[in-house]
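Numbering (this note's numbering), first residue to last: 1 to 630.
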């Protein structure tokens, strides 16, 4: 058995050999001649001249290897009561027929397909069918507001959109079709057609000749996998940007396959045939990587769960699913356990289920606070592993590699860099900082396979966002430090992106919406600490001179505006009217200082503050909302 240090040293001494060896676990139509392709000017690609198909590696090869009867997908919906098990052979038939239906309607290699689906197995089928024919999917979180969806339609320019008729929450049904129709109306690019999965809870009205029923499209003859180049995009996934222009992260096919497959044993310690559950949503990168692709590529059974950690029906739902479906490795966001802990602090529900199948729990999506980790370890009696990565990276960059060896866990740290990642902590001048000192977290270029090579149709924006600040490094946008043992500690975002229940949301995007209100002259949004969701957005509004309206009315309208424009996912519920905002002399709003006041943390008076007296006004305003209480 190798140690982590040995494996990491292997990569360091021969990265080319390391990744070519990892690539042997993938079935190639044409084996790549080498791993890394240096395009110059800090742009890189992996396995570019290989030919391969993602769907073949995730589905067909397992059927051909005699594993067609193994369960590929377990569907469990406590909201509807539906449960289903789909074998690899059944999945192959479903995917090949939907792919055939899309191909018959003119979708070909390189075309984009937007997928706007709830957490049902058909969402996975749609993703796999798209890559089967060499098309490029862009999954948008189901229920996103029309104008958010419209910006993605305009950027990706899809030939088709596949959507569900509705999504189901514990106490309500969210109609997707009116949101989709609204988005198509708003967008300048018009898709050729849509495919609608009609759900029993709410059927959608269909437009003849434009909206096609899922079952009709899936009645087509099955088609084979189309081999694509290693550098052909498998998907585009939009990550936090302002509401005007989200960033389309590209995932190249070859590197995606190699890296995800490598992580399943080395990071998550599962063997083919084991049941793996990532309790996320296909709209987020975790859903792409660890509900859909990685488990299936590696030959694992994956779980598609339509529910919530509490309220469907109770705080024991996670434990029921783990016990009932024999889950070995479980991955969720810390906010989910905070919700469970809040409902069941003593773990009474844990005692009701046999959880002997569960070997490891993984947390990601936001900083895992020590209290949550300790509570989870105490309740479950298994290692609880915090690990860190981003939409842009696609899979764990810093983790405890349980499948290689279980390293010492340090509360507050997601552990150590994985092979492919040479992480550094730099100061503002780009100088490396000693252990223990807070700075910008960066990764030395080239990034490993499976990470973003660039942004969709936005190379300059890619450079500006990730490469220009620290030449030769990828800028993560996170701040933190490294200890003497090489363990990384992620402390905060260096920009104004907040984390609400594991969803990265741009405060700048919310400010843009608030500023559009006719009575708002100026505004700021900060993320305040919330015990359940990690952070919640809080708005500060400065009204136009001469506005004589009741501030409560304006606040109510602003809250509704954010909900309409960005969607319920923003969890924007609180705002307060203030006379002015604290700023530097150069006009920069002191958001970090406002956060410190709200969270009741000590802070140093910023040297560049224009008028320190404003901070007292901000504290008074926060106190009216129940924050800043000493």
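We put the CB at the ideal spot given by N, CA and C, even for glycine.
A straight-line Cα-Cα distance of about 7 Å links residue 498 and residue 535.
Looking at the backbone, the Cα of residue 619 and that of residue 604 are separated by about 15 Å. Of the other Cβ atoms in all chains shown, 16 or more fall within 10 Å of the Cβ of residue 246; this residue is therefore buried. Taken in chain order, the complete beta strand (DSSP E) segments of 3 or more residues contained in the stretch 362-418 are 384-386. DSSP places residue 1 outside both helix and strand once states are collapsed to three, so it counts as coil.
Remark: fewer than three beta-carbon pairs, one from each stretch, lie closer than 8 Å, so the stretch 99-114 and the stretch 197-205 are not flagged as touching.
Only residues of its own chain outside the window of five on either side were considered, and among them 404, 405 have a CB closer than 8 Å to the CB of residue 3, listed in chain order. Listed as beta-bridge partners of residue 305 by DSSP are 76. Contact annotation: residue 117 and residue 162 have beta-carbon atoms nearer than 8 Å.
When secondary structure is reduced to three states using DSSP, residue 202 falls in the strand class. Taking a C-beta distance under 8 Å as the contact criterion, residue 411 and residue 370 qualify as a contact pair. Where residue 94 is concerned, the enclosing alpha helix (DSSP H) starts and stops at 88-104. Taking the Cα of residue 280 as reference, the smallest distance to any Cα among 341, 273, 302, 421 is reached at 302. Across the structure, residue 329 and residue 401 are spaced so that their CA atoms are roughly 13 Å apart.
Residue 155: member of the alpha helix (DSSP H) spanning 146-156, first to last residue.
Secondary structure note for residue 194: it is in no alpha helix (DSSP H), and the uninterrupted beta strand (DSSP E) holding it is 193-197. Residue 190 holds the alpha-carbon nearest to the alpha-carbon of residue 149 among 190, 276, 365. Annotation note: the stretch 259-297 contains the following uninterrupted beta strand (DSSP E) runs of length 3 or greater, listed N- to C-terminal: 275-278.
Counting every other CB atom within 10 Å of its CB across the protein chains shown gives residue 237 a total of 16 or more, marking it as buried. Relative to the Cα of residue 75, the nearest Cα in the group 15, 184, 48, 291 belongs to 291.
Its Cα nearest to that of residue 350, the residue 320 stands out among 592, 424, 320. Apart from the 5 residues on each side of it in sequence, residue 500 sits with its Cβ closer than 6 Å to the Cβ of 533, 535, 571 in its chain, given in chain order.
Straight across, the Cα-Cα distance linking residue 426 with residue 296 is about 38 Å.
Note: residue 503 is bridge-paired with 500 in the DSSP secondary-structure output. Bridge partners of residue 338 according to DSSP: none are assigned.
Within 10 angstroms of the beta-carbon of residue 346 lie fewer than 16 other beta-carbons, which makes it exposed. The shortest C-alpha to C-alpha distance from residue 550 to any of 520, 524, 530, 529 is the one to 520. Nearest to residue 183 by C-alpha distance, out of 172, 140, 225, is 140. Rounded to whole angstroms, the gap between the alpha carbons of residue 556 and residue 155 is 32 Å. Contact check for residue 235 against residue 251 passes: the beta carbons are separated by less than 8 Å.
Selection 537, 573, 526, 579 evaluated against residue 547 yields 579 as nearest (Cα-Cα). Between residue 435 and residue 483 a beta carbon distance of about 5 Å is seen, short of the 8 Å cut, so the two are scored as contacting.
By the Cβ neighbour-count rule, residue 565 is buried, with 16 or more other Cβ atoms within 10 Å of its own. Per DSSP, the unbroken beta strand (DSSP E) holding residue 136 starts and ends at 136-139. Boundaries of the alpha helix (DSSP H) around residue 560: 551-566. Residue 265 and residue 166 have their alpha carbons spaced roughly 36 Å apart.
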